[in-house]
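Worksheet for the structure shown next.
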Amino acid sequence: MKEKNEFWLRPAFHNNSPKWKYFKKKTTTKLTKSLTIFFFLLVVSLLFFAGWFDHAKYTNHFYKKLATPTIKPQILEFPLDCNAWNQTNKCPINYPTSHKPLNPNNSTCPEYFRWIHEDLKPWKETGITREMLEKGKRNAHFRLIILDGKTYVEKYNTKKFIQTRHLYTMYGIVQLLRWYPGKLPNLEIMFDTDDRPVVRSKDYRKPNSGPPPLFRYCSDWHSLDIVFPDWSFWGWAETNIRPWRSVIKEIKEGNKRTKWKDRVPFAYWKGNPHVTPIRKDLIKCNITDKQNFNTLLYIQDWNDQSKKGFKESDLANQCTHRYKIYVEGWAWSVSEKYILACDSPTLYIKPRYHDFFMRGMIPQKHYWPIRENNKCGSLNFAVQWGNNHTHKAEEIGKAGSDFIHEDMKMEYVFDYIFHLLNEYAKLQKFEPKVPLEAVEICSESLACTSQGIWRKFMEEGLEKSPSYTNPCTLPPPYEPQEIKSFVEQKIKATQQVEAWENEFWSNQNNKQLL
């Protein structure tokens, strides 16, 4: 009966609708007797239920069986409340403390999330004790505590902070608690915002040696540092790089300006070559009057760019060449994700370090591997190969870019941190506590006390509302054979490229001899 009432309440049958007036006029003119009306309606009803009469045609409504109305959640925004902070110097208490999304999330997290299990594997058997945690203090810039949904930080001044990395890292974790309020467990972590890993695995090979669980932005295969998304996902004010949600959108628009085949058919790199020998060596591959390695390499002077308002360092305007070069800096480089996002094949010079997502990318599928010990020749071959295999080269560039734009969208960055901290908390063998020197932090305590572009980027990276979904589902750990096969796949793909390169240069040398 309810469905019937709703059916006749549709707009097509309202007394004031044009359809109703038309229907009424016709039936009044032609059917003057009630008996005729009765038989007419009876026949129409029979035809309708027999499927010969298209009711939707006359009502402009398409009947859908078992149609479920879409529930749009009410958008409740909680902007920065700097007035409250300035008056009390206390974090506001009006933000939600629980997370009950209306829309479920049945998706599985991207494959690279499985490395969370590998990064925490050193503590799988023993768990994490307070003694282990405190070992990390000598290398940490700060201790971060999450307790009953609130965040506290104890800073250590024994190490010099690099720019505002630590502030934006703290800010990112605070945003995670805004994104998934009430979902994070109680925990304590030590965080080092320097570049290179320091927890060497060879120092902790003895049973019960207890390596310190130290978080940082990158690691290598000889270290046990726990990899965490870097600060620039919430902005890098010192270089005018906006938060990830904004900058990835700008790069996506920039990709549309020039089709890949219309881009400059050279390999492009722009950066600071003075931070490490490998970059100084790369500059030697630049095009000159006497040599041509199919590369265009530019030196980035950040001090000069700052004076010019960063007009020549806009990431969205740097997707204009067919090939982009990635080379590490003092350790891994923040530039990696921006380079990979350009729809151009990334010529990836063999790295030593890895961040949290790179281990999920595969040579020849997402990027093109470049030898570290013969950069110029390897880059030259890569460009020539790509220009002679344009379909495959374009495909590699698109796959790498799609990985960044889809599997690395901000929602997944939050999910990665969420699962990493949750899995870490499961290993704790102690009760987290707030040290006497620690202070509570929140969006207001960090953003409202900042000035200029630092505050602007924090405001831009603010999560004003909780997520409408739960986190994606963390995939299971790798089985030993799985991880072995995956690593072997990457090695074989790299070796195949090197074999092609060797063959190419061998043929070139033979032609010269002839």
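Residue numbers (the UniProt record's numbering): 1 to 514.
Every residue, glycine too, gets a C-beta built ideally from N, C-alpha and C.
*Return the Cβ separation of residue 149 and residue 97 in integer angstroms, given the expectation that the two are a contact with Cβ distance under 8 angstroms.*
Indeed, because the Cβ distance is near 6 angstroms, the residues count as touching under 8 angstroms.
*asked:* I need the boundaries of the beta strand (DSSP E) containing residue 347, first residue and last residue.
replied: 346-349
*asked:* Please identify the residue among 490, 209, 299 whose C-alpha is closest to the C-alpha of residue 133.
replied: Nearest of 490, 209, 299 to residue 133, Cα basis: 209.
_Using a 10 Å radius around the Cβ and a threshold of 16 neighbouring Cβ atoms, would you call residue 370 buried or exposed?_
buried
*State buried or exposed for residue 221, treating a residue as buried only when at least 16 other CB atoms are found within 10 Å of its CB.*
exposed
*If residue 341 and residue 295 are in contact, beta carbons under 8 angstroms, what's the gap, nearest whole angstrom?*
Not really, about 20 angstroms apart at Cβ, beyond 8 angstroms.
*Give the DSSP-derived three-state secondary structure of residue 421 in the structure shown.*
helix
_residue 296 - containing beta strand (DSSP E), residue span_ = 295-299
*Buried or exposed: where does residue 205 fall if 16 or more other Cβ atoms within 10 Å of its Cβ makes it buried?*
exposed
*For the region 193-271, list the beta strand (DSSP E) runs that are entirely contained and at least 3 residues long, ordered along the chain.*
214-216, 264-271
_Determine whether the beta carbon atoms of residue 442 and residue 218 lie at a separation below 9 angstroms._
no
*asked:* When you compare the CB positions of residue 338 and residue 318, do they come within less than 9 angstroms of one another, or not?
replied: Taking 9 angstroms as the cut-off, the Cβ atoms of residue 338 and residue 318 count as close.
*If you drop the 5 nearest sequence neighbours on each side, which residues of the same chain put their C-beta closer than 6 angstroms to that of residue 365?*
399
*Could you spell out where the beta strand (DSSP E) holding residue 151 opens and where it closes?*
150-155
*Check residue 506 in the structure and name its three-state DSSP category.*
helix
*Secondary structure of residue 77, DSSP reduced to three states*: coil
*asked:* If I measure Cβ to Cβ from residue 504 and keep anything under 8 angstroms in the same chain, skipping five residues before and after, which residues do I get?
replied: 381, 384, 385
*Can you tell which of 397, 167, 460, 449 has the C-alpha that lies nearest to the C-alpha of residue 325?*
The shortest C-alpha separation from residue 325 is found at 397.
*Give me the Cα-Cα distance between residue 60 and residue 410, rounded to the nearest whole angstrom.*
The pLDDT assigned to residue 60 is 39, lower than 50, so where the model puts this residue is not dependable; a value taken from the coordinates is nonetheless given after this. Approximately 41 angstroms between the Cα atoms of the pair.
*Would you be able to state if there are at least three C-beta pairs under 8 angstroms between the region 472-483 and the region 257-277?*
no
*From what residue to what residue does the alpha helix (DSSP H) around residue 168 run?*
165-179
*Leaving out five residues on either side along the sequence, give the residues of the same chain with a beta carbon under 8 angstroms from the beta carbon of residue 417.*
172, 173, 176, 228, 229
*Range covered by the beta strand (DSSP E) that runs through residue 437*: It is not in any beta strand (DSSP E) - residue 437 carries neither H nor E in the DSSP assignment.
*Output the boundary residues of the beta strand (DSSP E) element that contains residue 116.*
First-last for residue 116: 115-119, but that is the alpha helix (DSSP H), not the beta strand (DSSP E).
*Tell me, to the nearest whole angstrom, how far the beta carbon of residue 367 is from that of residue 120; I am working on the premise that it is less than 8 angstroms.*
Not quite, the Cβ-Cβ distance comes to about 27 angstroms (not below 8 angstroms), so this is no contact.
*Could you round the C-beta distance between residue 467 and residue 85 to whole angstroms and report it? I think they count as a contact, below 8 angstroms.*
Rounded, the Cβ-Cβ distance is 24 angstroms, inconsistent with contact.
*asked:* Once DSSP output is grouped into helix, strand and coil, what is the label at residue 318?
replied: coil
*Roughly how many angstroms separate the alpha carbons of residue 375 and residue 164, rounded to a whole number?*
33 angstroms
*With DSSP collapsed to three states, give me the class of residue 324.*
Of the three classes helix, strand and coil, the one that applies to residue 324 here is strand, per DSSP.
*Give me the Cβ distance between residue 126 and residue 162, rounded to the nearest whole Å; I'm assuming they're in contact under 8 angstroms.*
Not confirmed; about 32 angstroms, so no contact.
*asked:* Quick test of your reading: residue 246 and residue 460, contact by CB under 8 angstroms. State the CB separation rounded to the nearest angstrom.
replied: At roughly 6 angstroms, the Cβ-Cβ gap stays under 8 angstroms, so residue 246 and residue 460 are in contact.
*Given a cut-off of 9 angstroms, decide if residue 419 and residue 116 are closer than it, judged by their beta-carbon atoms.*
yes
*Are there three or more Cβ pairs, one per stretch, closer than 8 angstroms when the region 233-240 is compared with the region 350-363?*
These segments do not touch.
*Nonlocal neighbours in the same chain, by C-beta distance under 6 angstroms from residue 198, ignoring five residues either side*: 139
*Within 10 angstroms of its Cβ, does residue 93 collect 16 or more other Cβ (buried), or is it exposed?*
It counts as exposed.
_First and last residue of the uninterrupted beta strand (DSSP E) at residue 142_ = DSSP places residue 142 in the uninterrupted beta strand (DSSP E) bounded by 142-147.
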